[in-house]
Structures are given as structure tokens and as C-alpha cells.
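The next block holds one structure in the form of C-alpha cells; read it before the comments.
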Amino acid sequence: MFLEKRFSIIQISLLVLGLFLAWFYAQHQILTGDQIQMLYKGYMGAYKHVWINYGNAASAVGNVPGSMISYVVALPVMLYDSPMSPMLFLMFLHLASYFLLDSVIKDIFKTDVRLLFLVLYWLNPWFLFENILYNPSYLFFFSALHLWSAYKQREKSSFVYSALHVTAIGLALQFHYSWIILALISLYLLYRNMVKVNWYGVFFGVLLIGISLVPYIQAVMQNSAIAHHADDTGRYIGWGGVHVYPVLKSFIYWLRYGSFFFPNKLIASAHFDWLGASHFVQMFFVYAYKAIVFSVGAFTIYISYKANRYFYTLVKGKLFTRNKAIQTKQEWLLLYVFGALIGVFISSILSPIIFSYWHLIIVFPFAIIPVVIYLKEHGQKYMPKVLIFIILYFTFINVMGAIDSRKYSIDTNYIQNANAYIKKSVS
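Under my numbering, residues 18 to 444 are what the sequence shown spells out, in order.
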């Protein structure tokens, strides 16, 4: 009862904390090739009205299709001329993703689960580490829109929600090739009779996406190299299916997303040279820090495994029975999560590369659902203490990630570096 009365205050406080951490991350991002690609495309559009109709270069399969990467940088810059403008837009999309997901959680569970999800999603270093000008960082919004629009079609077809559902897939396509996972989830939802589709809405969504890809198709017709990787490795679609490790690694990432075993670029790159202390002191902190993060990570990998075992017990016997009615809203959500797991499995089979964590980050919002439900069922007695620990630990890891990791540094000023690059290369 207390939590229900105070939830709005707690929610706002934690959202503000997350936004502060996101801003802190954004300010200290180190400019690399990924951000430079996006800055160049965006500022060419904003300053010179030259629109580059393909996205960032991807591993083994050429540039990402479409013009959206140019627009998400250029349009905010055209509203306010600052390299921080596209970062603010990215933070807005992240915030929108939370509210879309919370809308679904709120309709299914009580306030305690909403709070669990708020902490495990919004403050999670897996999530906040992606406050960087990088195309996979935009995928959380499309994941959330996909789930939300599907959930809205559980009982009644809708032109608007069907169109939005297809648009979520089509726009994700213009940011990263992991869009295929959302498409596979949708196919599973259709197979399992979990959504009532409005086909007019589907066709309208397909039409919109098709129109948005026309400039890309024209660009490829003029230069076919856009659709092919310059350093061809000789791999092919389906390469992952004839090797064990790529598929196994993808399932490991699913477990890791539900744990606190964060990316090595976040937790294994700290040097503590910002302390200005002796080499011995720095090394002491490096080993102490790694001992903490790897110990907590290993323990929570086990919790994530237990959570997914429990998740399977809740849905087994219901996974592929097309005509078996879904009894509860929670059951619907769990089957959706299983569809995401199928998407991970099939995409890892089709992939010509071995996935790294960012290749599957699109399923992060879904991978934490089993952990949320497991903690709801098995951790009620200790929940206040667990949540306080998680909030403090996440804050600590996020601050460390923003000042001392592979992608961020306390000595880096993103705005200054971005402006210097823009002045040299675009202006």
C-alpha cells in the first residue's frame, strides 16, 4: 500500500537519476569511427543539405539501409546547432522506450513489479552504456514500440497499432541488421495466434517503409559497393548455423543481459589513471574493481539462469500449440519473450559473423523480463534491500563506465571534440 502511494515519487526520482547518468555518459563519450560516421552524415544534411541515403558500415554485409541515421542527427542539429542535440534526442527515445514498456508492465503486474522493472531497465548499465552516438543505441525504442503495439493487438485488430508494429520493424532495419529479430518475433506471434492483425495497417506500414527506402535503393543502383562489405571475409548468410559457437554465444548473451555481467568494454577497461596516484595504487584499484564486478557478474549470471529455468516452467507445453488459448496477460508476455529467444536463435544461425553484445542489444528489454518475474516470485522477503543494493551498484558501475571505460573517459569532452571534427571535416 505504501509503495502504491509513493510509486510516482520514486519513479520520478529514479528517472531523474537515470537522465543525469545518461547526460554524464553523453558528455564523456570518446569519438570513434562509429560516432564520426553519424556526425558526418548528420551534419552534411544539416549544414549542406546533402543527404547520405545509407547508414553506418556493418560487419560483413555492407552499410545499413536507409536514411534514418542522417535524420536523427541532422534534424535535432537543425533545431539547435550543438553536437549535444542528437544526444538529447537519443535520451528522449530512451525515455519513451521506458514509458512504452512500463505501459505494458502496468497493465499486467502490480506496483512492486513496475518498480523492479524500472530499476532493472532504466538504471541498468547495459542500457545506460548506450548513451552514445551509435546506431545500435537507438534500438531500445523500436523494441519497446514493437512489444507495446503487439500487446495492443491481443484482443482487437487496429489499423494504427498494426501500422506502428510494422513501422517499428522497418525503422529498426534502418539502424541495425538485428531488425530481423523483431520480424521473427512478429512471425511467432502470428503463428501462435497471439495478435489480431489489421492487414490494411500492415500494408500501410510496409508502404511507408518502402517509400523511405527509395533513396537508398537509388544510391545502391548507382554504387553497388554500398550493399557489400569492403573487406569480404568469405562468410555467407547461414554461416552461424554450421558452427556451434556463434549460436551458443548468442544464448550466453541472453543470460548476460539478465545479469550484471556487463560488457567488457564497460567493466574490463578501467585503469584508474585519473586518480593521479602511483602505479601501485592504480593497480590495486584495478584488481579490486575487477574482483567486485566479476564476482557480482558471475553470481547474477547464475540468478539469470535460474530465472530463465523458472520462465521455461511457466511456458512449457504452451510454446507451439497454435489453438491453445492464452489464459492470462502474463502468459502472453512470457510467450512474447519466448518469441524473442527464437529470434536470437534463428538470427545467430543466419548470421555471417560471430555476434558481439551490441548485435543483440535489441532484445535486452525482453531478456530482463524472466529475471523480473523470478525476483517477484522468489525475492519478496528481501526486495527492499535488494532494490537498494541494485540502485547503488548500478549507479557505481555507471559512474565508473562514464569516467573510465573503453568508450568513455573523464578526460574527454564530447562537445569540444565533436565541434573540432565538424569544423575540420564538414564546415
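For each residue, glycine too, the CB sits at the ideal point set by N, CA and C.
Among residues of its own chain, excluding the 5 on either side of residue i, which ones have a beta-carbon nearer than 7 angstroms to its beta-carbon?
{"i": "L358", "result": "W271"}
{"i": "D421", "result": "A287, H288, F289, W291 and I427"}
{"i": "A167", "result": "H182, L206, V212 and Y353"}
{"i": "Q347", "result": "I125"}
{"i": "S87", "result": "K58, G59, G62, W68 and I69"}
{"i": "Q299", "result": "H288, F289, D290 and L292"}
{"i": "K123", "result": "R131"}
{"i": "Q28", "result": "L135"}
{"i": "Y374", "result": "Y270 and P280"}
{"i": "H245", "result": "G79"}
{"i": "I386", "result": "L350 and V354"}
What are the boundary residues of the alpha helix (DSSP H) that residue i is part of?
{"i": "G258", "result": "Run containing G258: none; DSSP gives neither H nor E here."}
{"i": "Y88", "result": "M85 to L96"}
{"i": "G62", "result": "G50 to K65"}
{"i": "A75", "result": "Run containing A75: none in the alpha helix (DSSP H); it sits in the beta strand (DSSP E), Y71 to A75."}
{"i": "G187", "result": "F176 to L190"}
{"i": "V121", "result": "M101 to I125"}
{"i": "R131", "result": "T128 to F134"}
{"i": "K440", "result": "Y431 to S442"}
{"i": "Y425", "result": "No alpha helix (DSSP H) holds Y425; DSSP gives it neither H nor E."}
{"i": "A167", "result": "L156 to Y168"}
{"i": "I284", "result": "N281 to I284"}
{"i": "L145", "result": "P142 to L145"}
Mind checking residue i: buried by the 16 CB within 10 Å criterion, or exposed?
{"i": "I261", "result": "Looking at the sequence shown, residue 261 is not Ile but Val. By the neighbour-count rule (16 or more Cβ atoms within 10 Å), V261 is not buried but exposed."}
{"i": "H376", "result": "buried"}
{"i": "S442", "result": "exposed"}
{"i": "N70", "result": "buried"}
{"i": "L118", "result": "buried"}
{"i": "F406", "result": "exposed"}
{"i": "M85", "result": "buried"}
{"i": "S25", "result": "exposed"}
{"i": "G293", "result": "exposed"}
{"i": "M445", "result": "Nothing can be reported for residue 445: it is not among the residues displayed for the chain, which extend from 18 to 444."}
{"i": "N325", "result": "buried"}
{"i": "A242", "result": "exposed"}
{"i": "P103", "result": "buried"}
{"i": "P153", "result": "buried"}
{"i": "K266", "result": "buried"}
{"i": "G72", "result": "buried"}
{"i": "A91", "result": "buried"}
{"i": "A308", "result": "exposed"}
Throw me the rounded Cβ distance for the residue i and residue j pair, which I believe falls under 8 angstroms.
{"i": "E147", "j": "I378", "result": "7 angstroms"}
{"i": "P93", "j": "N436", "result": "Not confirmed; about 15 angstroms, so no contact."}
{"i": "G35", "j": "L145", "result": "7 angstroms"}
{"i": "V81", "j": "Y194", "result": "7 angstroms"}
{"i": "I320", "j": "V388", "result": "7 angstroms"}
{"i": "W165", "j": "S120", "result": "6 angstroms"}
{"i": "H45", "j": "T429", "result": "5 angstroms"}
{"i": "H83", "j": "Y233", "result": "The amino acid at residue 83 is misidentified as His; the sequence shows Gly. At roughly 5 angstroms, the Cβ-Cβ gap stays under 8 angstroms, so G83 and Y233 are in contact."}
{"i": "V264", "j": "S365", "result": "5 angstroms"}
{"i": "F277", "j": "T317", "result": "4 angstroms"}
In chain order, what residues of the same chain have a beta carbon less than 6 angstroms from the beta carbon of residue i, not counting five sequence neighbours either side?
{"i": "S175", "result": "N215"}
{"i": "N415", "result": "L38, P142 and L145"}
{"i": "V219", "result": "S179 and V183"}
{"i": "D51", "result": "Y151"}
{"i": "A74", "result": "N80"}
{"i": "Q170", "result": "Y178, V212 and K213"}
{"i": "H395", "result": "none"}
{"i": "F381", "result": "W143 and Y274"}
{"i": "A419", "result": "F41, Y42, H45 and Y425"}
{"i": "I343", "result": "W349"}
{"i": "F337", "result": "none"}
{"i": "K393", "result": "V130"}
{"i": "V310", "result": "I284"}
8 angstroms is my cut-off, CB to CB: does residue i come that close to chain D?
{"i": "G227", "result": "Among the chains in the structure shown there is no chain D, since it carries only a single protein chain."}
Please return the same chain residues whose Cβ sits closer than 8 angstroms to the Cβ of residue i, not counting the five positions on each side in sequence.
{"i": "T49", "result": "K424"}
{"i": "L199", "result": "F159, S160, H163, A185, I186, A189, G360 and I379"}
{"i": "A113", "result": "F158 and A161"}
{"i": "Y322", "result": "L272"}
{"i": "V332", "result": "E348, L351, L352 and F355"}
{"i": "Y438", "result": "L48, I53 and L56"}
{"i": "V303", "result": "A287, H288 and F289"}
{"i": "L367", "result": "I197, I254, G255, G257 and G258"}
{"i": "K335", "result": "K341, I343, E348 and L352"}
Which first and last residues belong to the beta strand (DSSP E) in which residue i is found?
{"i": "N80", "result": "G79 to P82"}
Next item on the list: Pick out the complete alpha helix (DSSP H) segments inside the region 195-253, 4 residues or longer, and give them in chain order.
Entry: 196-208, 216-229 and 231-239
Check: Fully enclosed by the region 319-403, which beta strand (DSSP E) runs are 3 residues long or longer?
Finding: As far as the region 319-403 is concerned, it has no whole beta strand (DSSP E) run of at least 3 residues.
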